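J.: Residue numbers for the sequence shown follow the working numbering, beginning at 3 and rising by one.
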Amino acid sequence: MQTFSVDEKGYYGEFGGAYIPEILHKCVTDLQYAYLDILESEQFKRDFHALLRDYVGRPSPLYFSQQLSDRSGARIYLKREDLNHTGAHKINNTIGQILVARQMGKTRIIAETGAGQHGVATATVCALMQMPCTVYMGKTDVERQYVNVKKMEMLGATVVPVTSGNMTLKDATNEAIRDWCTHPEDTHYIIGSTIGPHPYPDMVARLQSVISKEIKVQLAEKEGRDYPDYLFACVGGGSNAAGTIYEYLDNDNVKIVLAEAGGKGVDSGESAATIQLGSIGVLHGCKTLLMQTEDGQITEPYSISAGLDYPGIGPIHANLASQKRAQVIAVNDDEALKAAFELTKNEGIIPALESAHALAALEKIAFNPTDIVVLTLSGRGDKDLETYFAQIDKD
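Written as structure tokens, this is what we have:
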């Protein structure tokens, strides 16, 4: 098995585990005992892959970008997760998790969301399966992602604006965990990223691994080999990155480059560059790298991108960074905006602000002309148009 995978106790090296209140112990252990058997069952595989194909629209294309290749001096492919139903990679995970929840007899779904894409994907699968859905979202994000809030409500979800902390993803997650503590018997919490107590990081990574499974097949067709020289992905909690690299973790020929949110600069005090700035701590059920004060108080993250605005990182990525398996680059707001506008004007693809961080990281690597690079375009920019328009007006 992969040396960078989770161990039987839910750890990636020194990161991970399940740090949970007593009231959630049964929920989490029930899930630990059930999830692998469900994911590996023939019934689940059949249902999951049928929905990915016929409902989500997979496989998502692997698109060769001539202009990015010319500019970067390598062969650049974009894995087009932005073309999935609901506009991002998030739907891969929510479809898988609602099938797990149904199999476990759960009748109510809760979720947290930052940029709104995970909330929309959760509300979508709850509409599909006719299950009640409550989504917690920081009030700051409710305001900057208004269209996604309205989509969730249209899909039948109840959106709860959270007014604690700086009213973003961390605070939404806190509220979702409080809800779960109050309704442990009937409720499944669909966590949107590779964070949370074990088995969530592993379960989400497995469900998102469809991305790298497809990359292998598609690269073999296009390049005659099933692995690239480089994989690029943006990383906040880290689910699109985990899915992109999952099948390649033990292939030393493949270099992993992760782009995290530098905000207004790593040293500016307004950043979400958790791997650069973080130290080991426990948040939302797992031990990982966190942005925190010397006495362990979480410091507020900042990014122009709501989906990367999180003070922690998935334990899988904390381990990859500490083991030097992944190179982590902090990309600032202005660099991400520039990359987004360039892709839009040169390729006719408007990327999500999260994905734009990965695009900007391309300029920070010196490639060889023969290098094959796959970059996961994790989502489309519909949700970020207000931010883009504001930038156009400013310029």
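Ideal Cβ positions, reconstructed from N, Cα and C, are used throughout, including at glycine. Just so you know, these numbers come straight off a predicted model, no measurement behind them.
Going by other Cβ atoms of all chains shown within 10 Å of its Cβ, with 16 needed for buried, is GLN220 buried or exposed?
T.: Residue mapping note: residue 220 aligns to position 218 of the sequence shown, counting from 1. Buried, by the Cβ-count rule.
J.: With a Cβ-Cβ cutoff of 8 Å, do ALA355 and ALA342 count as a contact?
T.: The residue labelled residue 355 in the question sits at position 353 within the sequence shown. The residue labelled residue 342 in the question sits at position 340 within the sequence shown. Looking at the sequence provided, one finds Leu at residue 355 rather than Ala. Contact: yes.
J.: Could you give the DSSP three-state label for GLU272: helix, strand or coil?
T.: Along the sequence shown, one-based indexing puts residue 272 at 270. The answer is coil: DSSP assigns GLU272 none of H, G, I, E or B.
J.: Please report the distance separating the alpha-carbon of LEU361 from that of PRO353.
T.: Indexing the sequence shown from 1 puts residue 361 at position 359. Indexing the sequence shown from 1 puts residue 353 at position 351. Taking the straight line from one Cα to the other gives about 9 Å.
J.: Just to confirm, is the Cβ distance from ASN321 to TYR14 under 8 Å?
T.: Start at 1 with the first residue of the sequence shown, and residue 321 comes out as number 319. Start at 1 with the first residue of the sequence shown, and residue 14 comes out as number 12. The answer is yes: Cβ separation under 8 Å.
J.: Only counting the same chain, and skipping five residues up and downstream in sequence, which positions put a Cβ closer than 6 Å to that of THR88?
T.: Here the question's residue 88 lines up with position 86 in the sequence shown. These residues qualify, in order along the chain: VAL122, ALA123 and THR126.
J.: Just the Cα atoms here: how many angstroms apart are ARG327 and VAL259?
T.: Locating residue 327 in the sequence shown gives position 325, where the first residue counts as 1. Locating residue 259 in the sequence shown gives position 257, where the first residue counts as 1. Near 9 Å, if we compare the C-alpha coordinates of VAL259 and ARG327.
J.: Of the residues GLU388, GLU349, ASP395 and ASN370, which one's Cα is nearest the Cα of ARG82?
T.: The residue given as residue 82 occupies position 80 in the sequence shown. Minimum Cα distance to ARG82 is reached at GLU349.
J.: Pair every Cβ in the region 238-245 with every Cβ in the region 294-313, then say whether three or more of these pairs are closer than 8 Å.
T.: yes
J.: For ILE315, which of LEU233, SER195, ASP297 and GLY267 has the nearest alpha-carbon?
T.: Indexing the sequence shown from 1 puts residue 315 at position 313. Nearest C-alpha to ILE315: SER195.
J.: Can you grab the Cα-Cα spacing for the pair CYS183 / ASP173, in whole Å?
T.: Position 181 of the sequence shown, counted from the first residue, corresponds to residue 183. Position 171 of the sequence shown, counted from the first residue, corresponds to residue 173. Straight-line Cα distance between these residues: approximately 16 Å.
J.: What three-state label does DSSP hand PHE50 in the structure shown?
T.: Reading the sequence shown from its first residue, position 48 is the one you call residue 50. Three-state DSSP puts PHE50 in a helix.
J.: Counting C-beta neighbours from all protein chains within 10 Å, is the total for GLU387 16 or more, i.e. buried, or is it exposed?
T.: Stepping through the sequence shown from its first residue, residue 387 is reached at position 385. Here residue 387 is Leu; the residue named in the question, Glu, does not match the sequence. Result: exposed.
J.: Have a look at VAL376, HIS27 and TYR148 and flag the residue whose alpha-carbon is nearest the alpha-carbon of PRO230.
T.: Mapped onto the sequence shown, residue 230 falls at position 228. Nearest of VAL376, HIS27 and TYR148 to PRO230, Cα basis: VAL376.
J.: Pick helix, strand or coil for ASN86, following the three-state DSSP scheme.
T.: Numbered from its first residue, the sequence shown carries residue 86 at position 84. DSSP places ASN86 in coil when its eight states are reduced to three.
J.: According to DSSP, is PHE17 part of a helix, a strand, or is it coil?
T.: Reading the sequence shown from its first residue, position 15 is the one you call residue 17. PHE17 falls in the strand class under three-state DSSP.
J.: My output table needs one value for THR5: the three-state DSSP class, helix, strand or coil.
T.: The sequence position of residue 5 within the sequence shown is 3, counting from 1. THR5: coil per DSSP, three-state reduction.
J.: Take the Cβ of VAL151 as the centre, count every other Cβ of all protein chains shown within 10 Å, and call the residue buried at 16 or more, exposed below.
T.: Mapped onto the sequence shown, residue 151 falls at position 149. By the 10 Å Cβ count, VAL151 comes out buried.
J.: Please report the residue range of the beta strand (DSSP E) in which SER281 lies.
T.: For the purposes of this step, residue 281 is taken as the residue at position 279 of the sequence shown. Element bounds for SER281: 281-285.
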